[in-house]
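Asks:
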Amino acid sequence: MRKTTRRDIFKFAAGSAAGLVFTPAPWRLITDTALWSENWPGIPRPARGQTRTRFTHCALCSAGCAVRARCVNDQPVSLSGLAGSPLCAFGLAGHQLPYHTGRVKTGAIEEALAAIAQRRSHDAVAVLDLRPGRTASWTYRRAMAALPRGFYLAAQSAIPAVNLDQVRTLLSFGAPVLDGWGTPSTVLAARSHFRLIQAEPLESHTAMLADLWLPLRKGSEQALALGIAHVLMQEQNAGASFPAEATAYSPARTAQLTGLPEAQIVSVARELAPGGALVLASQEWPEILQLNRLLGSVAHTIVGRRETPVPASWKKAAPVTAIEAVPDGSIGVLLIDESVCDGYLPWNAIEPKLAPAPLVVTFASSRAGYGRYARFTLPTAVYPEMTDDIPPALDSAAATFRLATPLVAAPAGAVEPARFIAQLAGLPPADALRERTDAIQSSGRGVLRTYADGKSIPVKGVKPDDFWKVLNEGGCWVDAPDPVEPPASACQSSSAAVVAMTWEMRLARGPMSPLLSKLYEESNLRVRL
Amino acid sequence: MTGKRYGMSIDIDRCTGCGACMVACAVENNVPPAPEGATDRKGITWMRVFPVDNGRDGPDRKSVFVPMLCQQCGQDAPCVSVCPQQAVQVDPATGIVGQMPERCLGCRYCMAACPYHARYFNWWDPAWPAGMEKTLNPNVAPRMRGVVEKCNFCHGRWHAAKERAVGRGAREIDPADYVPACVEACPTAAIRFGDLNDPRSPVAQAAQQSGSFRLLEKLGTEPKIYYHSAREWVREIGRAPAGKEQVHG
Amino acid sequence: MDRQLIARGVRRCSTPQFLLWILPWAALFAFGLYCAGLCLVKGLNQTNMDNRFAFGLWIFVDLTIIALGAGAFFTGFLLYILKLKDLDAVINSAVVIGFVCYSGAVAALLVDVGQPLRAWFTFWYPNVHSMLTEVTFCITCYLAVLLIEYLPIVLRNRKLREVPGFLVFEFELHKLIYVLAGVGTFLSFFHQGSLGGLFGVLRGHPFAFREGLAVWPSTFFLFILSAAAVGPSFILFTTWLISKLSGKRLVRPQVLQLLGRISGLLLGVYVLAKTVDTLIWINRTSPGAGFPAQEYFAWQPFGTWILFAEIVVFGLAPALILLTPRLRLRTNWLVSAAVLACLGVALNRFVMTLQTLALPTLSFDRYLSYWPSWQETGTFLAVVAFGVLVYSFSFRYLLLFPQEREFRQEPAAQVSETAVMDPVGRS
Amino acid sequence: MFPWNYGFHWSTGNVLFLGAFYTVLVVVATTVASAILRARRAVAAQQTDAIRWRSDFHDLPPRDRVCRHVLTGEFQVRECPNAFDCRQCETHARLVALHPPEAPPESGEELLGMSFPLDRFYHRGHTWARLGPDGAVTIGLDELGRRVLGVPDAVDLPAPGTRLRVNGPAWHIHKRNRDVRVLSPADGEVVEATGGIGGDGYLRVKPVGRGFDFRNLLAPCEVKPWLLREVERLQGALSAEGVPTLADGGVLLPDLSTAYPQADWDAACDAMFLQA
Amino acid sequence: MKHRSTYVFLSGVLIALGAGWAGFPYAIYESRPQPVDFSHKVHTGAGGMKCDDCHQLRPDGTFAGIPRLEKCAGCHAAAMGSTAEEKQFIDGYVTPKREVAWSVYARQPGNVYFPHGAHVKQAGLSCERCHGKHGQTETLRPYQEDRISGYSRDIWRGLTMGDCVACHEQHGIGQQGCLDCHK
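Residue numbers (the working numbering), protein chains in the order written: chain A, 75 to 603; chain B, 203 to 451; chain C, 74 to 500; chain D, 41 to 316; chain E, 2 to 184.
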């Protein structure tokens with residue numbers, strides 16, 4: 075036998091190659107690699123299972139829109155609004171919120187409890203509530219009342235309701251009226267019968283859609299408000315309540331300051347029909363409230379709303395304290411509920427009120443908000459994991475009670491801020507939401523709306539257990555239409571009805587669905603702002 | 203089975219540019235979140251709202267929002283004939299221009315062919331943050347990297363509607379069962395959807411309405427997306443681009 | 074040390090010198106492979122292409138090098154079918170250049186597609202109405218043909234032909250080479266054309282869209298013509314360049330002049346056809362689709378200058394130079410004109426690919442620009458380096474220019490015979 | 041691609057396109073296959089040597105391929121179309137009939153200082169063949185060939201019984217890592233390898249079939265013009281740069297291989313032994 | 002050894018043929034046993050059950066596939082028979098309420114939309130038409146998965162796209178759009 079030569083190896087290889095062509099192997103490998111490219115590692119396979127529809131309310135903002143969730147095996151895969159009550163872009167991706175990458179998943183709960191327990195006896199404890207008016211807010215107030223020195227701080231002053239049905243002309247100083255303000259369905263429904271004048275330096279989203287856009291100079295909003303007041307006072311002789319400085323803002327001067335034509339300032343002022351006008355702004359300027367008073371908006375377009383009933387035993391609660399009213403350097407322990415967020419107090423307003431070496435504990439799902447100032451950031455559930463009620467919407471004249479019920483389970487380790495704080499203050503353990511719904515039911519007021527079958531039933535005939543059940547399955551209690559005078563305090567507040575979150579604010583404030591960030595980055599929808 | 207020709211009508215005058223359609227579309231069709239480095243030129247937005255202005259400044263400036271999606275061109279869509287391996291197809295039963303990600307090799311010739319830039323390439327591997335893959339819609343298969351995708355009128359919903367019809371024992375789907383996600387999500391009902399072959403459908407009627415136009419009609423691509431605006435300058439959007447010195451009236 | 078591999082009768086630089094030349098190219102090639110690997114492993118996000126610029130540097134380069142590689146088929150056609158025997162002097166080099174261009178283009182294409190594992194679907198499920206199908210089929214077939222044409226050149230290597238099987242196979246194959254030349258011409262004709270058709274059929278881009286004959290838009294024929302025109306020019310240029318780089322005479326000047334004349338002739342016809350086509354496009358095709366042609370040139374930097382450059386500077390000018398016998402005799406003019414012609418075809422391919430994509434089609438489109446990323450450029454450079462390497466090795470170890478050996482002996486002919494004829498033994 | 045593939049229709053476009061594709065495939069495959077088949081057949085028919093010579097011949101520079109009738113001045117320019125096998129050449133036959141070979145101009149065996157006895161026929165690859173009285177032919181290397189090679193390092197002679205063919209390799213000479221194949225001037229079967237570097241010839245060959253045919257070899261009258269040309273070629277090969285290398289007065293050294301740098305000697309070998 | 006090189010070549014061919022036909026088809030699949038040794042025959046035979054007693058269409062027209070544990074537990078809350086498999090099943094799954102991780106032989110790729118309703122309810126196809134005599138099997142054979150593509154081996158046994166198309170063409174459903182069956 076001759077030794078194996080290189081030539082033999084070549085021959086053998088050639089033979090193998092030739093033979094292999096006539097076997098399934100190479101062809102199958104080609105096919106298989108192509109098939110592999112269909113599901114190579116990293117391409118997820120969506121779970122199969124039964125599709126069910128569930129209802130809840132969106133807790134992302136106080137609009138609290140009704141949500142129809144399509145769930146596969148109890149996992150929501152898409153959300154939609156109901157007929158006549160659509161969801162906004164945020165709401166549509168709400169079910170993805172639990173998976174945002176910046177989410178806080180763990181926190182030193184025991185240590186935080188211990189640290190607070192150590193200080194609450196001799197330090198003032200304050201709770202900052204970023205969405206006042208909830209059942210949880212009542213719990214905080216009750217807890218603060220139970221503590222020796224407890225403050226309940228709300229991020230917003232009491233906001234009156236806005237009755238958009240009455241509005242004929244809406245003058246907005248940079249408020250994002252069509253871009254996240256109010257309840258989308260209400261605003262859109264009313265949009266056809268009011269004229270929108272947007273005074274804003276940049277062509278914002280609302281400015282693009284407004285009937286009239288006043289591209290005024292940056293920082294000249296107050297001047298324009300005064301200038302309009304000037305015209306109104308001159309032409310309607312109704313200027314008693316307005317500051318005297320308005321007289322200095324003649325149309326000519328205002329035109330100079332704002333860069334708008336003089337005639338336009340006059341014509342805008344004339345368009346503001348008394349009683350049917352509403353003025354909004356993006357910041358708390360006193361001129362805006364005064365202008366609203368001048369136009370007779372109060373009790374017409376700015377209205378009061380009856381309070382949602384609460385159990386009688388809750389009445390012994392701490393009052394809502396304005397942050398200005400808190401003595402400087404007094405708060406030793408600050409607890410912030412950031413789990414839901416409508417308003418926001420800038421840190422420089424809070425900081426002077428804190429005692430030296432304050433203990434700041436925030437309940438949040440991300441560190442984007444107050445987390446960077448807090449010693450402890452305790453993880454909370456996010457919508458749609460949380461159980462919470464949503465205070466009546468800004469543009470709802472009637473009181474409402476709606477629950478955001480969890481569509482998915484909250485992660486282990488998530489803290490319920492209300493339960494945490496109640497426990498801290500030694501409140502008796504109880505299901506506050508259930509207590510409240512019982513109180514509402516026993517008040518006998520209003521109707522119960524069910525989304526699944528689209529019915530409205532008077533509360534009077536509903537048993538407490540059914541009431542609770544319906545609310546948990548996506549029902550909504552609406553108070554009887556019984557307008558009341560707006561509370562005087564509301565109309566003195568300078569922040570009347572401007573609260574809204576634009577995309578930018580939401581991006582800056584905290585996490586949102588990864589998909590939303592994507593669309594924000596990848597489309598030119600908001601790029602210009 | 204009767205031949206359908208699904209189409210859409212979009213009322214530009216009603217569009218508020220809220221972006222709900224974009225989000226609903228991305229959620230429905232399992233579009234992954236943006237990877238690091240994504241831009242508006244590399245992203246995947248089957249539905250995309252463009253702000254369009256009349257090119258003027260100051261008080262004469264006017265802007266509208268134009269939702270853009272695959273225009274679902276007629277039988278000889280520009281993208282269909284160019285695909286080298288039959289990955290693009292106009293469905294004979296629905297008129298929907300379908301893109302088959304499993305067949306696509308990612309040559310992107312169809313993207314070059316599309317005058318509406320409504321086709322998107324998966325530049326990245328699709329990736330969801332941990333856990334978020336649970337929220338994927340089981341009616342739509344996630345696409346892989348390196349293939350082209352685009353709007354297919356939420357075809358997963360068409361499948362679901364057909365199954366529901368079978369569940370009811372019906373042969374034909376209930377039109378109310380098949381509505382694309384963007385249509386469902388639009389808060390102002392600016393987008394409507396229906397069968398253009400059915401003269402009673404609101405879309406077929408909207409297509410005949412005065413003030414209705416299609417994009418780049420002169421190219422002869424026969425798109426099935428009808429836009430509408432009462433304003434003359436808005437209707438100019440459908441024409442070819444003018445040089446920079448020219449502006450809309 | 075590699076002397077045994079170098080063809081007899083030619084002189085090549087020393088091995089270390091050769092390695093010194095190869096080394097930077099090999100390094101570039103390795104870097105390019107790394108870049109291509111990045112694109113394959115991480116995906117095409119490594120490039121700067123995007124949804125608008127679905128095609129980028131690679132497609133532009135592919136189109137250009139395939140046009141330049143047309144010299145292979147066209148020289149083969151002229152030599153084996155039209156029997157222009159003089160071109161025997163460059164046919165080997167033309168085949169190698171063609172092989173390099175086509176294999177480089179195919180390699181770049183495989184990186185360019187998003188799912189290379191499915192590239193065979195085009196064969197399995199072809200859509201015969203797509204120009205790209207035609208391109209894919211023809212290019213792969215032609216690459217195979219080029220490989221077979223390249224094989225005899227390789228087998229003629231001094232060492233390899235010692236194997237009797239190789240020798241005999243090469244001998245027999247070479248006898249049939251005209252069949253392959255014919256097939257190559259057929260395939261090239263179609264894929265050069267369908268590369269043009271690729272853009273000519275884009276109804277959605279009236280800037281590129283052209284009317285034409287049957288299923289083929291006019292760009293189909295223009296691309297064939299322009300490729301046939303610059304193919305010889307590129308052979309001319311590369312032959313001259315290699316001659317300069319290696320410091321050797323490779324072919325007789327007449328061969329280069331012949332190439333130049335053929336190139337000039339075809340370029341002239343091409344310029345004429347292109348002009349007619351442009352006029353039809355401006356006056357009928359484009360306005361018919363609702364796009365006034367002048368608008369295309371309102372987007373800077375793509376002004377009308379680009380049209381002028383394409384037709385006059387890089388078309389008419391080299392054509393005239395190459396058609397003027399007096400200028401053709403002067404190497405500088407000849408080579409410059411060939412270079413201009415090659416640049417012209419590159420510009421044409423650039424206009425067809427990138428300008429087409431850069432120009433907006435919708436009224437609210439932005440005009441976009443694009444610049445390749447380093448990974449993209451690296452991959453492109455790998456193609457270049459691959460070409461240089463294959464050519465360098467071929468030039469060193471294979472006989473690309475048969476006339477080279479004659480020049481080596483020619484000077485001796487001038488030596489006076491007496492030195493030889495006057496043997497000492499006699500005087 | 042095939043009618044049974046999903047998505048295939050019997051449409052005109054498909055038929056034309058795929059028809060053209062398959063035609064191309066078939067043509068290319070047939071070409072390659074026939075080349076392979078013909079190659080196998082050629083190997084089986086032991087035509088390798090002939091093909092090698094033809095291939096070598098094809099690769100020679102045109103000036104090395106001139107017809108022998110150019111040497112005698114009958115043609116101005118002519119390339120040999122038969123790879124130096126004049127036995128099949130009609131032109132040669134006609135010319136020989138027209139001008140029967142003259143007698144050798146002189147009986148002198150000294151040409152340019154080298155011995156070229158005219159009792160034999162010379163082959164253009166610098167071998168000679170001399171018919172012996174016993175009907176066998178002796179084959180050897182001529183003086184020019186010997187001087188170019190000098191003393192070989194080794195000689196690789198065929199075993200007795202080996203079949204030789206005109207222009208096929210007769211034997212191999214190894215020198216300085218080089219394998220020089222020497223072309224056989226005649227057809228026949230090796231009887232004896234005498235291996236004579238200094239002796240009289242290398243091989244003795246007996247005829248096969250119809251006997252020897254020396255029409256392919258140079259007649260004595262052609263030797264001188266041929267040799268003059270050969271020396272000129274040698275000169276050219278040795279001095280690519282154009283410097284006269286035989287500057288020592290024109291005498292060919294007995295061993296060129298030691299006198300010249302390797303490259304030039306290689307080239308000289310190629311030129312003289314007609315290797316491409 | 003005149004034909005030595007031919008023999009070498011041929012041995013290469015033979016070895017490749019052997020490996021490609023005999024070895025490869027087995028090597029390409031990865032086998033794994035089913036978690037529970039379920040006998041269809043016990044249920045359909047002596048038990049007298051029909052396929053759709055367990056594998057049902059939901060009211061919304063979708064197919065429920067393999068029943069979830071609660072369905073099994075409906076009968077097997079306690080052992081009905083005396084087999085070791087049943088006991089194992091009850092102890093391992095029913096009692097701890099652990100879902101069984103079945104491997105589905107006929108599982109189509111994720112990009113395939115296959116409506117059971119349209120085929121079973123509308124077209125009236127029998128389950129055996131595609132699933133063969135699966136309902137008569139006494140034991141669950143190991144699940145075999147293609148190592149590269151990750152798809153079940155059963156796909157290649159009459160459930161490929163080619164098979165779907167062939168059946169549709171045979172029944173005159175004819176050429177359809179890709180999206181009819183892909184999602």
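The C-beta atom is built at its ideal place from N, Cα and C for all residues, glycine as well. Keep in mind the model is a prediction, meaning the values are calculated, not measured.
Among S442/C, N118/C, F282/C and F474/C, which one has its Cα closest to the Cα of I308/C?
Replies: The shortest C-alpha separation from I308/C is found at F474/C.
Asks: Given a limit of 7 Å on CB to CB distance, which residues of the segment 160-193 of chain C reach chain H?
Replies: Here chain H cannot be found, since the structure's protein chains are A, B, C, D and E.
Asks: From this set, P503/A, L166/A, T209/A and T382/A, which residue's C-alpha is nearest G155/A's C-alpha?
Replies: Measuring from the Cα of G155/A, the nearest candidate turns out to be L166/A.
Asks: What does A438/A touch in chain C if you count any residue whose Cβ is under 9 Å from its own?
Replies: Chain C residues near A438/A: none, gap ~33 Å exceeds 9 Å.
Asks: Output needed in chain order: residues of the segment 99-111 of chain A with a Cβ under 8 Å from some Cβ in chain C.
Replies: Under the 8 Å Cβ criterion, the segment 99-111 of chain A contributes I104, T107, A108, W110 and S111.
Asks: For P26/E, report the span of its alpha helix (DSSP H) as first-last.
Replies: From DSSP, the alpha helix (DSSP H) with P26/E extends over F25 to A28.
Asks: For P294/B, go through chain E and note every residue whose CB falls closer than 7 Å to its CB, in chain order.
Replies: By Cβ distance, chain E contributes G178.
Asks: List, in order along the chain, the chain C residues whose C-beta lies closer than 8 Å to that of V64/D?
Replies: Neighbours of V64/D on chain C, chain order: C214, V256, F259 and L260.
Asks: Enumerate, from N- to C-terminal direction, the unbroken beta strand (DSSP E) stretches of 3 or more residues contained entirely within the segment 214-298 of chain B.
Replies: List check, beta strand (DSSP E) in window: 250-255, 265-270 and 290-292.
Asks: Tell me, please, which residues DSSP counts as bridged to S440/A.
Replies: Bridge partners of S440/A: R177/A.
Asks: What three-state label does DSSP hand I79/C in the structure shown?
Replies: I79/C falls in the coil class under three-state DSSP.
Asks: To the nearest angstrom, how far is the alpha carbon of D288/D from that of L111/D?
Replies: Bear in mind that a pLDDT of 45 at D288/D, under 50, signals an unreliable position, so the number given afterwards is only what the model happens to contain. Approximately 27 Å, taken between the alpha carbons.
Asks: Classify E142/D as helix, strand or coil using the three-state DSSP reduction.
Replies: Here E142/D sits in coil by DSSP.
Asks: Compare the beta carbon distance of V342/B and N324/B with 8 Å and say whether it is the shorter of the two.
Replies: Contact: no.
Asks: Looking at the C-beta of P457/B, does it have a partner C-beta in chain A at a distance below 8 Å?
Replies: Residue 457/B falls outside the range modelled here, since chain B spans only 203 to 451, and no answer is possible.
Asks: So is I410/A buried or exposed if we call it buried at 16+ other beta carbons inside 10 Å?
Replies: Flag for I410/A reads buried.
Asks: Mind checking C285/B: buried by the 16 CB within 10 Å criterion, or exposed?
Replies: By the 10 Å Cβ count, C285/B comes out buried.
Asks: Would you identify the three-state DSSP class for A287/D, choosing helix, strand or coil?
Replies: Low confidence applies to A287/D: its pLDDT is 43, below 50, so where it sits in the model is not reliable enough to give any reading.
Asks: Would a C-beta distance cut-off of 8 Å place T125/A and R144/A closer than the cut-off?
Replies: Yes, Cβ-Cβ distance for T125/A and R144/A is below 8 Å.
Asks: What residues from chain A crowd round S12/E, counting only those whose CB sits closer than 8 Å?
Replies: Those within 8 Å of S12/E in chain A are F86 and G89.
Asks: Apart from the five residues just before and just after P253/B, which ones in its own chain have a Cβ nearer than 7 Å to its Cβ?
Replies: Correct list, in chain order: G219, S265 and F267.
Asks: Buried or exposed for C76/E, please, with buried defined as at least 16 other CB atoms from any protein chain shown within 10 angstroms of its CB.
Replies: Flag for C76/E reads exposed.
Asks: DSSP beta-bridge partners for K347/C?
Replies: BP columns for K347/C are empty, so no partner.
Asks: Between L433/A, G500/A, E412/A and S597/A, which lies nearest to L221/A when the distance is taken from Cα to Cα?
Replies: Nearest option by C-alpha distance: G500/A.
Asks: In chain D, which residues lie with their C-beta within 7 Å of the C-beta of H264/C?
Replies: None at all; the shortest Cβ gap to chain D is about 12 Å.
Asks: Given this structure, state the Cα-to-Cα distance separating A20/E from V14/E, to the nearest angstrom.
Replies: Answer to the nearest angstrom: the Cα atoms are 10 Å apart.
Asks: Is T125/A close to chain E, meaning its C-beta is less than 8 Å from at least one C-beta of that chain?
Replies: Yes, T125/A counts as interfacial toward chain E.
Asks: Within 10 angstroms of its Cβ, does E412/A collect 16 or more other Cβ (buried), or is it exposed?
Replies: With 16 or more Cβ atoms within 10 Å of its Cβ, E412/A is classed as buried.
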